[in-house]
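Single-structure report; data block below.
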Amino acid sequence: MPDGILVLDKPSGPTSHDMVNLVRRGTGERRVGHAGTLDPMATGVLVLCLGAATRLSEFLLGGDKCYRATARFGESTTTYDAEGETISTSAVTMSRADIEGALDSLRGEIQQVPPAYSAIKRGGRKSYEAARRGEAIALEPRRVTIHDLRLEDWASPDAVLFIRCSSGTYIRSLAHDLGQALGCGAHLAALRRLFVEHFDLSQAVTVDDLRPAFADGAWLRYLLPMEAALPGWPAIQVGEAGAARIRQGLPVPASSDAAARADKGVARAHGPDGRMIAVVEIDVAAGMWRPRKVFK
Numbered sequence: 190m191p192d193g194i195l196v197l198d199k200p201s202g203p204t205s206h207d208m209v210n211l212v213r214r215g216t217g218e219r220r221v222g223h224a225g226t227l228d229p230m231a232t233g234v235l236v237l238c239l240g241a242a243t244r245l246s247e248f249l250l251g252g253d254k255c256y257r258a259t260a261r262f263g264e265s266t267t268t269y270d271a272e273g274e275t276i277s278t279s280a281v282t283m284s285r286a287d288i289e290g291a292l293d294s295l296r297g298e299i300q301q302v303p304p305a306y307s308a309i310k311r312g313g314r315k316s317y318e319a320a321r322r323g324e325a326i327a328l329e330p331r332r333v334t335i336h337d338l339r340l341e342d343w344a345s346p347d348a349v350l351f352i353r354c355s356s357g358t359y360i361r362s363l364a365h366d367l368g369q370a371l372g373c374g375a376h377l378a379a380l381r382r383l384f385v386e387h388f389d390l391s392q393a394v395t396v397d398d399l400r401p402a403f404a405d406g407a408w409l410r411y412l413l414p415m416e417a418a419l420p421g422w423p424a425i426q427v428g429e430a431g432a433a434r435i436r437q438g439l440p441v442p443a444s445s446d447a448a449a450r451a452d453k454g455v456a457r458a459h460g461p462d463g464r465m466i467a468v469v470e471i472d473v474a475a476g477m478w479r480p481r482k483v484f485k
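Residue numbering for the sequence shown follows the working numbering, beginning at 190 and increasing consecutively.
Here it is in structure tokens:
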């Protein structure tokens, strides 16, 4: 089975795990994982790692993300989105200027309280499980960074927002907090993810295009190589002897120029055929690359 990255344009409705199962069935590869979930109602970029590439997901999970979100004012819900039960309604009288002003307090590094209906574990149980039983949930606020937050369109009661944020940000909470700041309540009515770390919609394949491609094997044209997950990393090329050492977990010599380019202390190692065989990290004192993750 080939190893690599498959970028999906997820439709609204299925869960991220549904998409994982779809790809498992279609490709026959059991090792499929996602690099960050999308809620069922959300659409857009969902990055799936296949085969050995599943071991690269940790390098993708912490990356920034971009979204286009619709916040609907005047109605608050239990889940902070359109799938929850309405718990309060209010008249919507604010202006575009009012919304612009409220957005100021949500930019930069902020403390955000996740929704009670989330997969965050509390006391060994997922928060949403307790919330569905009617238990009162009090989750601790988390520090997230909103790099960019812009109002793209306003047609009462809906505001379309562009958001670039750090990993761990809940867009549902952002919509809820905006409604609270304006005093009328709000929930997330629609969400589309535009970008995840190095991947955007231009690289994504729709489910409608992917299903027939599974039938005739043409799905492979949508599979990106593993190194696509680490595009800014320096790459080292090793011969047969070096590749054999790395596959045994043994270090290989590092040239001074390659070490200097490893600003994060890590690099991609490629074998004689050009394929990525490992993630290696620099041992400056020893002048060696030491294997961190080996792909056999």
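Glycine included, C-beta positions come from ideal geometry on N, C-alpha and C.
Boundaries of the beta strand (DSSP E) around Arg-339: 331-344. Taken in chain order, the whole beta strand (DSSP E) runs of length 3 or more contained in the stretch 218-282 are 221-223, 232-239, 254-262, 264-266 and 275-278. Pairing Ala-458 with Val-427 gives a Cβ-Cβ distance under 9 Å. Where Ile-435 is concerned, the enclosing alpha helix (DSSP H) starts and stops at 429-436. Between the stretch 376-396 and the stretch 244-260 there are three or more inter-stretch CB-CB distances shorter than 8 Å, so the stretches are counted as touching. Residue pairing by DSSP places Thr-395 opposite Asp-198 in a beta bridge. Taken atom to atom, the span from the alpha-carbon of Ala-432 to that of Ala-443 is near 13 Å. Going by DSSP, Arg-285 is part of the alpha helix (DSSP H) stretching over 285-292. Under the three-state reduction of DSSP, Phe-403 is assigned to helix. In the structure shown, Leu-390 falls within a helical segment according to DSSP collapsed to helix, strand and coil. Of Ala-305, Glu-416 and Leu-399, the smallest CA-CA separation from Pro-330 is found for Ala-305. The Cβ atoms of Leu-237 and Val-209 lie closer than 9 Å to each other. Here the stretch 261-280 makes no contact with the stretch 291-298; the two share fewer than three CB pairs at distances below 8 Å.
Residue pairing by DSSP places Leu-377 opposite Ala-260 and Asp-270 in a beta bridge. For Leu-363, the secondary structure class from DSSP, reduced to helix, strand or coil, is helix. Taking the CA atoms as reference points, Thr-334 sits about 15 Å from Leu-250.
Rounded to whole angstroms, Glu-298 and Arg-332 show a C-alpha spacing of 7 Å. Around the beta carbon of Met-190, a 10 Å sphere encloses fewer than 16 other beta carbons of the protein chains shown; the residue is thus reported as exposed. Between Thr-226 and Gln-301 the beta-carbon gap is near 17 Å, outside 8 Å, which marks them as no contact. A residue is called buried when at least 16 other Cβ atoms come within 10 angstroms of its Cβ; Thr-278 does not meet this threshold and is exposed. The shortest C-alpha to C-alpha distance from Gly-217 to any of Ala-404, Ala-417 and Ala-375 is the one to Ala-404. Contact annotation: Gly-233 and Ala-393 have beta-carbon atoms nearer than 9 Å. Per DSSP, Met-208 is not a residue of any beta strand (DSSP E); the alpha helix (DSSP H) it occupies stretches across 205-216. Counting every other CB atom within 10 Å of its CB across the protein chains shown gives Ser-205 a total of 16 or more, marking it as buried. Taking the Cα positions, Ala-242 is about 43 Å away from Pro-346.
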